[in-house]
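Visitor: Structure below; questions to follow.
Have a look at this one:
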């Protein structure tokens, strides 16, 4: 029992403290990350304080309409393409059964390991006018034969569709797996033909997942720079580059970027609207619902369709990369290459570990504090995935350089010390940018695993006296192991593939495979880019194979 | 799990050690937009000769410039090496470089290949000229850049993307020669003659000519050289246009001392060495370019393409008119 | 349309196999218009397969299925489920989570015009008492409400036949009992012909007019609840339906049986000769507790059920019986209590080797 006098004195302070409601330690972590995400965003929007009117006038007169048109054309084309492929294949492997289904269900994810820019140059190498395919066709049918132009809107859409469909495939396959054939049967019992049932029930039921996958795809499309520059196809990102590196106007680039950010956030809001109120509870009884047996031609048609997509999106480009690699291996496989590989691996691994640690803290504090403020902060903390890499690199570099200069000036005027920049040109900047960009990947994997830790488990452990870090360590970590592993692999692959952030923020001597590919492809040296590209592909494959091996029945 | 944490702590420690980069007095730091494999051999030789330790970072010119700007007076960099006069001019106008005067540099490098005020110096020269299919084009049909807009080249011309600075400089120099209005007409005529949408690289452009997608194009000489090395019986040839008028468009890769260089003396020394007869061949030959130093002969492989009279307009114009050129190409619909 | 006299559902000797293993053997049954039928059996007995075959989700191996006089399945023919005029309530309800309650119920109503469709949805929702919830989504209502929505959805298109697969198994016990009676009332009010499957006999008793006890892919008995309980056709049915024990007895005279419970007289349909040994079904309510009775039995176990206690008793003859006794008569295991037999129907079965009576 406290002494009454001291209690009343302390009580006053406590009382006022309680009214202010200081954030707890966990919430501070989230607040910090949220501020980190807001920093580059505010830098971009603050750029409007000095609008670059002359450049805007020029853009408006010449490029802007085409940029917008091209960007929307790409968004629409790629979403139609990825929806058809992703949803179609997901439904086949998720809800049906046909020869080879087990293998396809995970091999169809393999294109995930293929960066869009790699697929872009391989496809151009194969299918452009001077490539082997069209050359062969011309020798067969004469030089006048009409062949599709690969370097066109259609070509970019094709490449992006093949590279990005796995996002939709992965998410909607899970939806279809739990849905099984039950929903379709229910529709049939209500006088729906199977076809009508598919469109009235099966698809709409998977809509939240499909919408989620599509949103991811569209963000990738908006963020892509590598593939569209290989195709010389003007989009918003190339517009930003042009404003920045052509007109040397960082404000104009930042202003264009902020528009792109608005576009992306519009997309997010739209997606949220689509999912609103539809927290579809999964069927409780049948986590692995019975599959639809395909018969006759439809059975072999399914096998053929899966093989075709896999062949075009993965096998063929991989073989081409192999062929090119073999032709240049003796001259390209050297110490320099091993250095690059080492950097890529090191960066991927350390970014993955860093992000997963921070994601764990965020997930845990979201669990501890389920109030509106924390939810909002978490939402902001994971928004970075919507920021295209280039945009993010600018947004983070400017304030950090400013901070460095401030520190150096302070050191000089206060202590008379000449200091070197602390942050610029260090891995720290790069990791920070990765942290912002890929936080969502880490957060989502771990957060969904966290849902497995029920409130009862939580309470049972508390009854046994586990609190704070010990609770995190003894109960949460072991139970979240699967989610953590998923997060680690996803981030690892993403960072290995990442191009613009790495290109722009890497310190001395930190070139990576992705940087090398950019340099080589911008000079049309596709054969030489094949070795690093193949390496990225392989390292991307390992986690995917590990990840997928255990998931399917 | 504890193993996982342990590994993580080790990684963090490694980064903590990476953080402070300590500078030594005799160190030279270079930001280079010229590819690593072109510059590394020279640095190795120079380091061996003088004992200077040189570290460098390569990147695209845009990010490098941006980085120098952001780093301001706290930059590491002493020297900026980049390709294209446009970029050099921009670096100078952005206040990233400092003017230097060096008798050696002024002697070794012709006036039109360096900045009049000494902000930057060309170190190697390349020509951006016409390439044609030896199967479908007779050299007699060709005359000038401007003539590529004529009717006879309809659906036969191939160009690289207007986003590439080489084309921006070419157009800038055309503007300097003809003025905006006429240049825009020329570019419009080019665009009208295109056989395919612009390519992302000179190499792909030439491969397309080989495959028959078009018959003529405009490329940098060293790209032609690289392809020729790969395919000795190349059915392409270079044509030197505008020999009776302004001359072939040339450009440089060059360098300038940064405004806040910590070791400007070392940077100038290195520059002077690069312009010397000894280094010039190495610098130029590595990329099949022409040495800027008139005392040095180009590699025989390069001289085999023939001799030409280059444009002697000062390259600073390329930089000065670069954004005009970009806007002009945008207006003309040249992607 | 068929005449009023023809059955709504007719299964003629249907067989069904999975992986070359017969799961339904030569099964036949008929349901008249307005009747509620039930297939009762343990899991794996093939009852759900029969239901799914009727719905048209599974092909038929042999036999023939008619719905409202039309052959919908026979070997070589299979009408698609959408054309069978059936409604189905699934075990997990299979409500469409992306649609509101209203839209779920309206799902099967097409080609009848907006006004009629609206009227029928309202009617169906009124019928199940959920009109107030029609704007909500399935995950926003309780399990019992979901079940009723599933029923309304299946009834709204006015199917010729309603099929229900374990319709109450997802509900808790108290709700199950209430809802099963409600469902019967709704179906009867609507005049719906329905067939459902369950493993729970009390559900079957509460809802169905006719019940088929299934085991090993066959119907052992197709009868009313009363007859199943009181006149089971085989020991298997007797054991499956209701509680009780089989004890040995000898026919001592016409309508007389000598057993461990003493001499029993009653309705004995057994035509076996006097002196034959038979098995007698003794239900718990057939044994009455009476402290004054000379017939004593030892309490082995007791199962307190609130109003009554179910005693497992050991007779002096070594037979075991059960007795349902008002719960104020409280006895502990080991005690000997007096009992009296009160058997009205003497249900006997032949004594086969291995039945434990000899």
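Protein chains in written order, with the numbering used here: chain D, 1 to 553; chain P, 1001 to 1335; chain Z, 2001 to 2358.
Think of the CB as a built atom: it goes at the ideal place given N, C-alpha and C, for glycine as much as any other residue.
Here the structure is a predicted model, which means the values were calculated and not measured.
Going along the chain, which unbroken runs of the beta strand (DSSP E) with 3 or more residues stay wholly within the segment 2296-2331 of chain Z?
Guide: Listed in chain order, the complete beta strand (DSSP E) runs (minimum 3 residues) inside the segment 2296-2331 of chain Z are 2296-2304, 2308-2315 and 2320-2326.
Visitor: Output the residue ranges of the beta strand (DSSP E) runs that lie fully inside the segment 1043-1103 of chain P and measure 3 residues or longer, sorted by chain position.
Guide: You should have 1053-1058 and 1079-1083.
Visitor: Could you round the C-beta distance between residue 1085 of chain P and residue 1318 of chain P to whole angstroms and report it? I think they count as a contact, below 8 Å.
Guide: Yes, residue 1085 of chain P and residue 1318 of chain P are in contact; Cβ-Cβ is about 4 Å, under 8 Å.
Visitor: Can you tell me the Cα-Cα spacing of residue 2312 of chain Z and residue 2331 of chain Z, whole angstroms?
Guide: Rounded to whole angstroms, residue 2312 of chain Z to residue 2331 of chain Z spans 11 Å at the Cα level.
Visitor: Based on the DSSP output, what are the partners of residue 1031 of chain P in its beta bridges?
Guide: Per DSSP, P:1057 and P:1080.
Visitor: According to DSSP, residue 1125 of chain P sits in a beta bridge with which residue or residues?
Guide: Residue 1125 of chain P is bridged to P:1252 and P:1290.
Visitor: Counting only C-beta atoms, is residue 1327 of chain P closer than 8 Å to chain A at any point?
Guide: Absent from the structure is chain A; the protein chains it does hold are D, P and Z.
Visitor: Rounded C-beta distance between residue 2245 of chain Z and residue 2322 of chain Z? I'm assuming under 8 Å.
Guide: Indeed, because the Cβ distance is near 6 Å, the residues count as touching under 8 Å.
Visitor: Report buried or exposed for residue 464 of chain D, applying the criterion of at least 16 other Cβ atoms within 10 angstroms of its Cβ.
Guide: Answer is exposed; the Cβ neighbour count stays below 16.
Visitor: Taking a Cβ distance cut-off of 7 Å, strictly less, list which residues of the segment 187-206 of chain D are near chain Z, in chain order.
Guide: So the close ones are 188, 189, 190, 191, 192, 193, 201, 204 and 205.
Visitor: For residue 1254 of chain P, count neighbouring Cβ atoms within 10 angstroms of its own Cβ and tell me buried if that reaches 16, exposed if not.
Guide: When all chains shown are included, residue 1254 of chain P counts as buried.
Visitor: Indicate whether at least one CB of chain D lies closer than 8 Å to the CB of residue 2086 of chain Z.
Guide: It does: the Cβ of residue 2086 of chain Z has a partner Cβ on chain D nearer than 8 Å.
Visitor: State the start and end residues of the unbroken beta strand (DSSP E) segment that holds residue 306 of chain D.
Guide: Per DSSP, residue 306 of chain D belongs to no beta strand (DSSP E); it is in the alpha helix (DSSP H), 296-310.
Visitor: With DSSP run on the structure shown, which of helix, strand or coil describes residue 2097 of chain Z?
Guide: Residue 2097 of chain Z: coil per DSSP, three-state reduction.
Visitor: With a threshold of 7 Å on Cβ separation, who are the neighbours of residue 2144 of chain Z within its own chain once the five nearest residues in sequence on each side are excluded?
Guide: Result list for residue 2144 of chain Z: 2171, 2175 and 2179, in chain order.
Visitor: Under a Cβ-count criterion, where at least 16 other Cβ atoms within 10 Å of its own Cβ denotes burial, should residue 2225 of chain Z be classed as buried or exposed?
Guide: With 16 or more Cβ atoms within 10 Å of its Cβ, residue 2225 of chain Z is classed as buried.
Visitor: As a quick exercise: from D:247, D:217, D:215 and D:260, pick the residue whose alpha carbon is nearest that of residue 237 of chain D.
Guide: Of the listed residues, the one whose Cα sits closest to residue 237 of chain D is D:260.
Visitor: Which one of P:1096, P:1051 and P:1180 has the shortest CA to CA distance from residue 1260 of chain P?
Guide: The shortest Cα separation from residue 1260 of chain P among P:1096, P:1051 and P:1180 belongs to P:1096.
Visitor: Kindly provide the ranges of any alpha helix (DSSP H) runs that are 4 or more residues long and lie completely inside the segment 1207-1255 of chain P, ordered along the chain.
Guide: If we require 4 residues or more, the alpha helix (DSSP H) runs fully inside the segment 1207-1255 of chain P come out as 1221-1230.
Visitor: Could you please tell me which residues of the segment 1054-1085 of chain P, in chain order, have their CB closer than 9 Å to any CB of chain D?
Guide: Of all residues in the segment 1054-1085 of chain P, 1055, 1056, 1057, 1058, 1059, 1060, 1061, 1062, 1063, 1065, 1066, 1067, 1069, 1070, 1071, 1072, 1073, 1074, 1075 and 1076 have a Cβ within less than 9 Å of some Cβ in chain D.
Visitor: So residue 73 of chain D packs on residue 175 of chain D, CB below 8 Å; how close in whole Å?
Guide: Residue 73 of chain D to residue 175 of chain D, Cβ: 28 Å. No contact.
Visitor: For residue 1320 of chain P, decide whether its Cβ has a neighbour in chain D, counting only Cβ atoms nearer than 8 Å.
Guide: By this cut-off, residue 1320 of chain P is not an interface position.
Visitor: I'd like to know whether the C-beta atoms of residue 443 of chain D and residue 495 of chain D end up nearer to each other than 8 Å.
Guide: Taking 8 Å as the Cβ cut-off, residue 443 of chain D and residue 495 of chain D do not qualify as a contacting pair.
Visitor: Rounded to whole angstroms, what's the CA-CA distance from residue 167 of chain D to residue 475 of chain D? Just pull it up for me.
Guide: Their backbone Cα atoms lie some 31 Å apart in a straight line.
Visitor: Apply the 10 Å Cβ neighbour rule to residue 2253 of chain Z and answer buried if 16 or more other Cβ atoms are within range, or exposed otherwise.
Guide: By the neighbour-count rule (16 or more Cβ atoms within 10 Å), residue 2253 of chain Z is not buried but exposed.
Visitor: List, from N- to C-terminal side, the beta strand (DSSP E) runs of 3 residues or more that fit wholly inside the segment 53-117 of chain D.
Guide: With a minimum length of 3 residues, no continuous beta strand (DSSP E) run stays inside the segment 53-117 of chain D.
Visitor: What residues from chain Z crowd round residue 215 of chain D, counting only those whose CB sits closer than 7 Å?
Guide: Within chain Z, no residue comes near residue 215 of chain D; the closest Cβ sits about 18 Å away, beyond 7 Å.
Visitor: Keeping to the same chain, check which residues put their C-beta closer than 7 Å to that of residue 1102 of chain P; ignore five residues upstream and five downstream.
Guide: These residues qualify, in order along the chain: 1268 and 1272.
Visitor: Which bits of chain D does residue 2082 of chain Z rub up against, with CB to CB less than 7 Å?
Guide: Within 7 Å Cβ-Cβ: 188, 191, 192 and 193.
Visitor: By the three-class DSSP mapping on this structure, what secondary structure does residue 587 of chain D have?
Guide: Outside the shown range of chain D, which is 1 to 553, sits residue 587 of chain D, and nothing can be said about it.
Visitor: What is the rounded straight-line gap between the Cα of residue 256 of chain D and the Cα of residue 1164 of chain P?
Guide: Approximately 20 Å between the Cα atoms of the pair.
Visitor: I think residue 350 of chain D touches residue 47 of chain D, with their Cβ atoms under 8 Å apart; what is that distance to the nearest whole Å?
Guide: About 31 Å; that fails the 8 Å criterion.
Visitor: Give me the subset of the segment 111-129 of chain D whose CB atoms are less than 7 Å from a CB atom of chain P, sorted by chain position.
Guide: For the segment 111-129 of chain D, which is checked against every Cβ of chain P, the residues closer than 7 Å are 129.
Visitor: Just to make sure I have the definition right: I need the residues of chain P whose C-beta is within less than 8 Å of the C-beta of residue 151 of chain D. Which are they?
Guide: In chain order: 1196, 1197 and 1199.
Visitor: Does DSSP classify residue 1120 of chain P as helix, strand or coil?
Guide: Here residue 1120 of chain P sits in coil by DSSP.
Visitor: Give the residues of chain Z in contact with residue 335 of chain D, contact being defined as C-beta atoms less than 9 Å apart.
Guide: Going along chain Z, no residue has its Cβ under 9 Å from residue 335 of chain D, so there is no contact; the nearest lies around 57 Å.
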